[in-house]
Every structure is written in C-alpha cells, then in structure tokens.
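Novice: Input: one structure, supplied below.
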Amino acid sequence: MEILGMADDDSAAPMEIQLEPEPSAPTPAVPAVETGEIGMEILDIVDDDSAAPMEIQLEPEPPAPTPTVPAVETDELVMEIIGPAADDTAPMDIRLEPEPPAAFPTKLAVGTGEIGMEILGTIEDDTAASPAEDGEIVLEIVGPVRPATPPEPTAPIRPTPKAAALCQRGNEALQQKNIDAALRYYTEAIEQQPDCGEAFNNRGLAYLQQGQAAKAIADFSQTLRLKPDNAKTYCQRGNASLQLRQVDAAIADYTKALKLKPDYLVALNNRAKSFIQKSQFAEAIADYSEAIRLDPDYAIVYSNRGRVYALQGRQNEALADFCRAIKLTPARPGRNPALAIAYHFRGKAYLENKQYDEALADFSQTVQFDPGHANAWCLRGEAFLARKQAADALADLDRAIELNPRLADAFALRGQARIMKNLFGQAIEDFTTALRLNPQHAVAGNNRGLAYAQMGQHDKALADFSKVMAMKPELLGSNPAHAEAYFNQAMNLMHLGRQAEATKLLNTALTLRPDHEPALFYRGTAYLHQEAYDKALTDFNRAIELSPAQARLFGQRSLAWLRLQKIDEALADADRAIELDPELTEAYFHRGLVFIQKNFFDKAIADFSRTIELNPRHGVAYKNRGRAYALKGQRTAALEDFNKAIELVPENALAYFLRAQQWQYLNDDKKAAADLKTACDLGLDAACQELKKIKQLK
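In the working numbering, the protein residues as written are 7 to 704.
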C-alpha cells in the first residue's frame, strides 16, 4: 500500500504581499512478502508543492541609493511610515494569524509486513488563506514623518495644524502596534477636518492591519475621492480587496495604479499575485519580469517569480530565480526574514526535485535566519522522512507543531514518521488531528487507513480509503492522494481475498495515474488469480518499462509466462529476478516450478529448498518440493513435505490429493481414501473423481 506524503498543494495559498517598501537590495521497492500467491510490498513516495504561498510587495519607492526593506516571513505585516518621525525608523513587523502551510510530496518507504505502503509525499492542504493574510504587507502611512523631508501630498487640502498633530500621534501609535489608539487619533483628525485625506488613508491602513478590509476599502475610497490620482492609495485598496478575496477588484485597482505610475514596482508585484489567484500564470510572470526589468536587483520579485515557475513545474527556472534572490538579499547576523524566505522557497524547489541534501541545507538556513518559521521546520522534517531519518523528522515536526498547533501537514507528516517507527496507534492519533484541522486532508485520510490496515483493523481502513476517494472529485485528475486511496483500498481488498473488487479499484487508480507501477504490478497479480494471463502479462510488461530494475516484476512475470506455457521465457525472467535480488523468495519458487515443467527435478528441489530457507512457513514451496521428490520416486521425502505443507496450510486441497497418491504407491488405501475425501470436501474435483473410482472398484 502507499503511504501518501504531503503533496504540498498550496496552489491557492496566499503569497507574501508588501505595501510601500523601498525596493529591496542586494530564495524503493521491498521484495514482495512471500505468501506463495500474492506478494505485497512496501513502496516509496512523492510532493507537490506546486502552489506555495507567495510573497507580494506593495508600494516600493524608486531606489535612491537602494534602501532596503527586509522581506518578511509569510505571517508578518510590515508597515512603512513616511513623513516626519522622531527617527528614521525602519519598517516594523506586525504579526498576523497565518494559514497552515503545506509541504512537498516526497517518496518514502515505511514499515514492514504483509501490506506494502507507499508514502507519497506531503501536500499542503488546499484550503487557501485570504490572499493578503499570509503574506508580507508593507503599508505606507501618509503624513508628516521626517522633519527634514517634506511629505508627499496625498490630498488637495493640507491638514490643519490640529489634524496634522492628531495624524502624527496616530502614526506613532501605529508604529508602536497600538492599533486601537491609532484608529482613535485618525478618527479625531477626520472629525477635526473631514477632508483630511491623510487621516482617511492611514486609518485605512490601520483597519487593514486589524483585518477589517471592508472598512479599509471605505477609507481608501474616500481618500481617492479627495485625490483621484493617488497611485499608492489605489494599490492599498487593491490589497484590501485581496484580503476579501475580491481578486478582480484588486486587479482593477493595481491596473489603475500602474496607469498613473507605470514604473510602480509594488503594483506590478501585487497584480502578479492577483493573477496567480486566478491561475493566470503567464500574466503573473509578465508582471514579475517587468518589475525585474525596471529594477534588476529587486530580490523579492525573483522569489515570487520563482514560485510561479515552480507552480508550472519549471523547476530549473524556479531554482535560478531563488538563487538570484538569495544572492541579492543582504546577509546579516541574527534574524533575517528576507533571507529566510529565499532559502525556504529554494528548499521547496529542491525538495520537489528530490534533491534532499540541498533541501535540508536550505531549510536549515531558513530556521537559522528565522527560528519561528513553522513551515520550514515542517518541510525539513519531510526532507528527513525522504532520507528515512525518522528520529530527525520527528524532532523537526514536533517543533513545527509547537510553533503552529494548527498546522495540519505537520501532524500528517509526523504520523508518517511514526508509521516508519511502527508506532501505529500514535500515527493514527496524528492523522486524526490532521483531519480535524482539515477534513479534506486526503493524505492524512489515506495514511490513517494504512495504519489501521497494519493493525489488522481492515473495516476502519476500508472506511478511510472510501472517504478519501469521495473527497473533492473535481481534483481526482490532479491530486495524487486520490489515486493512492484507490490503490490502497485495492491492497486492503486483496489482503481480504476480494480480487475482483480490488481489480476494479486498480483500474481507477491507473486511470488517474497510468504510470503507477505498483498498481500495474498488483493488477497483474490479480489477473493471475483470475487466470487472465494475457492481461497479467501486459501489466507486467508495462511495469517493467517503467521500472526495469525491479526484481519482483520479473519474478511475477515469470509466473505469467509459466501459466501461458512459455517455459523458456519464464526461466529467463526468474533468472533475471534472482540476479537483481538474490533473496527474492518468489523468484526461486517460480523457477522451481519452471524446472518441474522441464523435468529438472534436482534443480527444482534446490530452488524450493532455497525458498523454504528464505521463508520457512512457505507451505506452497513444501508442497511443490514434495511433488519433485515424488516425481523422482522418493516417497518418504515427498510424504514429509506434504505433511509439512498441510500443517502450514490445512485448507490446501492439492496437498491432500498429492499425499493420497503417495499412500496409494505405498499401498495404504485407507490413508489414501481419507486424504482424497478431505481434498474432495475442500472442493478439488479431481479428488472427488478419484474417490468415486475407488468406491466403484470396491
């Protein structure tokens, strides 16, 4: 069965938004378990972080010497106060509640046992945060800030001295993160001077920080009535519209801002973010590229464009942009959110490319520059999982959950780590928490089903797989979690002996993912049980095309050739399987069957003996070694093997029938008749016919 990893689908997740910064200056196959009939395996996994949240900047001033506003992590809001202030204060951080982030899908092998699993790497859950609330926003407060620098007028009438003083006090309160006080001062300024555009603008910023986007829009609209040519206010109103998920309105305002100010980098950057919300990736890339043309050293835009490239699967271009962003972002000791962001998203690109060492290095840099970055701890945990370092993964995922207890992906990934350590009960608890936080978390639902299956609770496993298959049917073609749910449900049914039902589910899994090699392998195995040997051969052929070094594929195809009486082909495949994996039990077993067909009884006995050495409870191998001994006339050895086969598999009718033949050769008709009757009762028609002949002779 496949364990899904986080498929980091943050396609609708918010990007970082900035308002009014200065332009930034210098981001396995485990052998089949030997059942004698169907091998089940532990498989590997994959993520898709194609749609991670992006950073968006708003309102940069054109570079003078290149003042730098540090990019801020995905849950921060940054405000820039422009005008006369007591000091030349840098942008301040204001925390917002972030949406739970996501993680890339990564292939991992886990666990042992009869049911194989594939961890398909983590995804970010696809419940999108509001466009502005997970991003970096730099808000410009208009008004007197620097005594030495005259403020840019934003309204046709300058503030009266009393209104100006109230606005200044509001600006200071906002800088100190005292939003309520700031709102009070701005409101008093408006009462003193109803046409004070500065007060309306800055009160709108305060409302935006409080998450009251509708009130912010009303104030920005009043500012624009007082001064219709204010590009910055159009940009701010666009940000508020994004917070309300009014993407078309946001695009309209950013476009108006750009008409007034064509080189407006922030408006380009944020309009690009809005285009991404509408999956208009070409338009987004065009805006980012224009921003880069205007300012080739604008680091945050490289990060944002790189994330769009990642959404499109253009990983090399994404990595190039992230590397450029890192090079342009100034390094400084201590906390550096701007650099953390660039490393974070380059790490995600490496994770998507399965470059786990590089991903680990970048996520380590991220948490060094921003120790509170929960998503980076989560993704580094996923990278450790990809390297099968469960203990390291658990430590990182514990830290991610400590930082953000609502991070569903962290719980889902920690559940996977616990499965790797065979802590199935604890894993179920984590998957249950992930599903409580996000009921549509297909990865958590799938993997909880696997944990239940490992604990033998197949009814609960079937229920979980069914729920995953019912999730968001419109995503069936794009979300690997759904294909894996069908696959895992099929594995559970095969374990219960329900081959026909399993085959139907495997058909669906392969419709969703035609290159799903494990599904091809198991459907081929199911076809063998149904005696549809040509169909089985077709599936094994396709699986071998996809994974030419998988020993189990050659081992199982050898059985298909044998059933089709293609003895030489069967022998060649069995030899190849053993060459690839000298401890693949079923390959020796199948080659032993081939040797019996070729009357090479000593070779058959040797291969069945090797099968038994690898799996002492392989009842079918005892039965067939007994056949080889019988064909050589070694009755005693044959009887011993048939006895052992019946001990291990009491319902094996053919073993009773073959043992009856040995009793007949030894003239023990009573024991022969008893074994024939048992074989007949178990449904073997040949035994019933033989028993009937004996009775007629008597």
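Backbone N, C-alpha and C define an ideal beta-carbon position, used for all residues, glycine too. Just so we're clear, the structure is a prediction, and the values are computed from it rather than from any experiment.
State the DSSP-derived secondary structure class of Gln446, mapped to helix, strand or coil.
Specialist: Within the sequence shown, the letter at position 440 stands for residue 446. Here Gln446 sits in coil by DSSP.
Novice: Which residues mark the beginning and the end of the alpha helix (DSSP H) in which Lys638 is found?
Specialist: Your numbering for residue 638 matches position 632 in the sequence shown. Note, Lys638: premise wrong, no alpha helix (DSSP H); not H, not E.
Novice: Could you check how far apart the C-beta atoms of Phe601 and Asp587 are, in whole angstroms? I think they sit under 8 Å.
Specialist: As a working mapping, residue 601 is identified with position 595 in the sequence shown. As a working mapping, residue 587 is identified with position 581 in the sequence shown. In fact, because the Cβ distance is near 19 Å, the residues do not count as touching under 8 Å.
Novice: Round the Cβ separation of Asn494 and Gly455 to the nearest angstrom and send it over; I've been treating them as touching at under 8 Å.
Specialist: The count along the sequence shown starts at 1 and reaches residue 494 at position 488. The count along the sequence shown starts at 1 and reaches residue 455 at position 449. Confirmed, Cβ separation roughly 6 Å.
Novice: Below 8 Å on the Cβ atoms is my contact criterion, and I expect Ala389 with Leu345 to pass it. Report the Cβ-Cβ distance as a whole number of Å.
Specialist: Locating residue 389 in the sequence shown gives position 383, counting from the first residue. Locating residue 345 in the sequence shown gives position 339, counting from the first residue. Wrong, their Cβ atoms sit about 19 Å apart, outside the cutoff.
Novice: Please report the residue range of the alpha helix (DSSP H) in which Asn428 lies.
Specialist: Counting from one through the sequence shown, the residue named residue 428 turns up at place 422. No alpha helix (DSSP H) contains Asn428, which DSSP labels as neither H nor E.
Novice: What did DSSP end up calling Thr335 once you bin it into helix, strand or coil?
Specialist: Taking the first residue of the sequence shown as position 1, residue 335 is located at position 329. Residue state, collapsed to three classes: coil.
Novice: Thinking C-alpha only, which one of Asn207, Ile185 and Ala179 is nearest Pro165?
Specialist: By 1-based counting over the sequence shown, the position of residue 165 is 159. Checking every option, the nearest Cα to that of Pro165 belongs to Asn207.
Novice: Is Pro554 close to chain B? Criterion is C-beta to C-beta, closer than 8 Å.
Specialist: Structure shown: chain B not included; a single protein chain is present.
Novice: By alpha-carbon positions, which one of Pro302, Arg251 and Lys394 ends up nearest to Tyr362?
Specialist: As a working mapping, residue 362 is identified with position 356 in the sequence shown. That would be Lys394, whose Cα lies nearest to the Cα of Tyr362.
Novice: Rounded to the nearest angstrom, what separates Gln702 and Leu682 at their Cα positions?
Specialist: Stepping through the sequence shown from its first residue, residue 702 is reached at position 696. Stepping through the sequence shown from its first residue, residue 682 is reached at position 676. One C-alpha to the other measures close to 15 Å.
Novice: What three-state label does DSSP hand Val655 in the structure shown?
Specialist: As a working mapping, residue 655 is identified with position 649 in the sequence shown. Three-state result, Val655: coil.
Novice: State the Cα-Cα distance for the pair His535 and Gly561, rounded to the nearest angstrom.
Specialist: Within the sequence shown, the letter at position 529 stands for residue 535. Within the sequence shown, the letter at position 555 stands for residue 561. Each residue's alpha carbon lies about 15 Å from the other.
Novice: Distance, Cα to Cα, Cys241 vs Asp293?
Specialist: Numbered from its first residue, the sequence shown carries residue 241 at position 235. Numbered from its first residue, the sequence shown carries residue 293 at position 287. Roughly 15 Å between the two C-alpha positions.
Novice: Pull up the distance between the alpha-carbon of Arg299 and that of Thr372, whole angstroms please.
Specialist: For the purposes of this step, residue 299 is identified with residue 293 of the sequence shown, where counting begins at 1. For the purposes of this step, residue 372 is identified with residue 366 of the sequence shown, where counting begins at 1. So the alpha carbons of these two residues sit roughly 28 Å apart.
Novice: What is the C-beta distance between Arg548 and Leu526, in whole angstroms, given that I count them as a contact (C-beta under 8 Å)?
Specialist: The residue you call residue 548 lines up with position 542 of the sequence shown. The residue you call residue 526 lines up with position 520 of the sequence shown. With a Cβ gap of about 5 Å, Arg548 and Leu526 count as contacting.
Novice: Helix, strand or coil for Glu408, going by three-state DSSP, please let me know.
Specialist: Start at 1 with the first residue of the sequence shown, and residue 408 comes out as number 402. Looking at Glu408 - three-state DSSP - the assignment turns out to be helix.
Novice: What does the alpha-carbon distance come out to for the pair Lys113 and Arg405?
Specialist: As a working note, residue 113 is residue 107 in the sequence shown. As a working note, residue 405 is residue 399 in the sequence shown. Low confidence applies here, because Lys113 scores a pLDDT of 29, under 50, leaving its location unreliable; read the following figure in that light. C-alpha separation (whole angstroms): 22 Å.
Novice: For Ala448, count neighbouring C-beta atoms within 10 Å of its own C-beta (all shown protein chains included) and say buried if the count is 16 or more, exposed if not.
Specialist: Numbered from 1 along the sequence shown, position 442 holds the residue referred to as residue 448. Buried, since its Cβ has 16 or more Cβ neighbours within 10 Å.
Novice: The alpha helix (DSSP H) that contains Cys173, what's its start and end?
Specialist: Walking along the sequence shown from the start, residue 173 turns up at place 167. Pro167 to Gln181 is the extent of the alpha helix (DSSP H) around Cys173.
Novice: For Gly203, count the other beta carbons within 10 Å of its own beta carbon; 16 or more makes it buried, fewer makes it exposed. Which is it?
Specialist: In the sequence shown, counting from the first residue as 1, residue 203 sits at position 197. Buried, since its Cβ has 16 or more Cβ neighbours within 10 Å.
Novice: Beta-carbon within less than 8 Å of Ile618's beta-carbon, same chain only, minus the 5 sequence neighbours each way: which residues are those?
Specialist: The residue you call residue 618 lines up with position 612 of the sequence shown. Correct list, in chain order: His624, Ala627, Tyr628 and Arg631.
Novice: List the endpoints of the continuous alpha helix (DSSP H) containing Gly210.
Specialist: For the purposes of this step, residue 210 is identified with residue 204 of the sequence shown, where counting begins at 1. Gly210 -> alpha helix (DSSP H) spans Gly203 to Gln215.
Novice: Count the other CB atoms within 10 Å of the CB of Ala288; is the residue buried (16 or more) or exposed (fewer)?
Specialist: In the sequence shown, counting from the first residue as 1, residue 288 sits at position 282. Ala288 is exposed by the Cβ-count criterion.
Novice: Return the Cβ separation of Ala644 and Tyr662 in integer angstroms, given the expectation that the two are a contact with Cβ distance under 8 Å.
Specialist: Taking the sequence shown and counting its residues from 1, the one referred to as residue 644 is at position 638. Taking the sequence shown and counting its residues from 1, the one referred to as residue 662 is at position 656. About 13 Å separates the two Cβ atoms, so there is no contact after all.
Novice: Phe606 lies in the alpha helix (DSSP H); which residues open and close that run?
Specialist: Residue mapping note: residue 606 aligns to position 600 of the sequence shown, counting from 1. Where Phe606 is concerned, there is no enclosing alpha helix (DSSP H), given that its DSSP letter is neither H nor E.
Novice: Where do the N-terminal and C-terminal ends of the alpha helix (DSSP H) with Arg341 fall, by residue?
Specialist: Within the sequence shown, the letter at position 335 stands for residue 341. First-last for Arg341: undefined, no H or E at that position.
Novice: Would you report the Cα separation of Gly312 and Leu499, rounded to the nearest angstrom?
Specialist: In the sequence shown, the residue the question calls residue 312 occupies position 306. In the sequence shown, the residue the question calls residue 499 occupies position 493. Whole-angstrom Cα-Cα distance: 43 Å.
Novice: For Glu523, count neighbouring Cβ atoms within 10 angstroms of its own Cβ and tell me buried if that reaches 16, exposed if not.
Specialist: Here residue 523 refers to the residue found at position 517 of the sequence shown. Classification of Glu523: buried, given that the 10 Å Cβ count is 16 or more.
Novice: Could you name each continuous beta strand (DSSP E) segment of 3 residues or more that falls completely within the stretch 503-578, going from the start of the chain to the end?
Specialist: Qualifying beta strand (DSSP E) stretches: none in this window.
Novice: Decide if Asn605 is buried, meaning its Cβ has at least 16 other Cβ atoms within 10 Å, or exposed.
Specialist: As a working mapping, residue 605 is identified with position 599 in the sequence shown. Looking at its Cβ environment, which holds fewer than 16 other Cβ atoms inside 10 Å, Asn605 is exposed.
Novice: Would you identify the three-state DSSP class for Met500, choosing helix, strand or coil?
Specialist: The residue labelled residue 500 in the question sits at position 494 within the sequence shown. Of the three classes helix, strand and coil, the one that applies to Met500 here is helix, per DSSP.
Novice: So Asp436 and Gly421 are in contact, right, with Cβ under 8 Å, and what is the actual spacing, rounded?
Specialist: Sequence index remark: in the sequence shown, residue 436 carries index 430 (1-based). Sequence index remark: in the sequence shown, residue 421 carries index 415 (1-based). Yes, Asp436 and Gly421 are in contact; Cβ-Cβ is about 4 Å, under 8 Å.
Novice: Would you say the beta carbon of Thr372 is closer than 7 Å to some non-hydrogen atom of the ligand FMN?
Specialist: Of the ligands one can find in the structure shown there are none, so the ligand FMN has no counterpart to examine.
Novice: Report yes if the CB atom of Leu385 is closer than 8 Å to the CB atom of Lys360, and no otherwise.
Specialist: In the sequence shown, counting from the first residue as 1, residue 385 sits at position 379. In the sequence shown, counting from the first residue as 1, residue 360 sits at position 354. Not in contact: Leu385 and Lys360 (Cβ atoms no closer than 8 Å).
Novice: State the Cα-Cα distance for the pair Asn755 and Arg190, rounded to the nearest angstrom.
Specialist: In this structure the chain extends from 7 to 704, so residue 755 is not present and cannot be described.
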